[in-house]
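Everything on this sheet refers to the single structure shown next.
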Amino acid sequence: MKEITQLISDIENNVRKLTGQLRQSRKELEILKEESLRLQAENDALKQRLTNNEILLAARQVAEGMDNRIGSESARKKLNELIREIDKCILMLDD
Numbered sequence: 001m002k003e004i005t006q007l008i009s010d011i012e013n014n015v016r017k018l019t020g021q022l023r024q025s026r027k028e029l030e031i032l033k034e035e036s037l038r039l040q041a042e043n044d045a046l047k048q049r050l051t052n053n054e055i056l057l058a059a060r061q062v063a064e065g066m067d068n069r070i071g072s073e074s075a076r077k078k079l080n081e082l083i084r085e086i087d088k089c090i091l092m093l094d095d
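Each residue of the sequence shown is one higher than the last, beginning at 1 in the UniProt record's numbering.
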C-alpha cells in the first residue's frame, strides 16, 4: 500500500513540476511575441529609412546631372519619377 501511496505522491509532484514549467514557458512565449513585434516594427522603420535614403540619393544624382547640363530631358524624367515615388511614400505614411 505504501508503494501505491508513494507512486501517487510522485505523480502529483511531477504534475506540479510540469504545471510550473508550463506557466514559465507561457511567460517566455509572451515575452518572445512582444520582442518579435518590436523587432518587426523596427525592421519596418529601417526599411522605410532605406527607401527614403535611396530616393534622396537618386534625387541628388539627378540634381548633379542637371548641374552638368548632361541629359537634361532624361534628368527631368528621372526627377518626375522621383517625385511620384515621394508622393507614394507620403501616402503610405498617411495610412
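For each residue, glycine too, the CB sits at the ideal point set by N, CA and C.
- Taking Asn80 as reference, the option from Leu91, Ile90, Ala59 with the minimal CA-CA separation is Ala59.
- Cα atoms of Glu35 and Arg49: separation of roughly 21 Å, rounded to the nearest angstrom.
- One thing to note: Val62 has its Cβ within 8 Å of the Cβ of Lys78.
- Shown here, Met92 sits in a helix according to DSSP, grouped into three states.
- Linking Leu7 to Gln24 through their CA atoms gives a straight-line distance of about 26 Å.
- Residue environment for Ala45: exposed (fewer than 16 other C-beta atoms within 10 angstroms of its C-beta).
- Note on Ala41: under 16 other CB atoms within 10 angstroms of its CB, so exposed under the neighbour-count rule.
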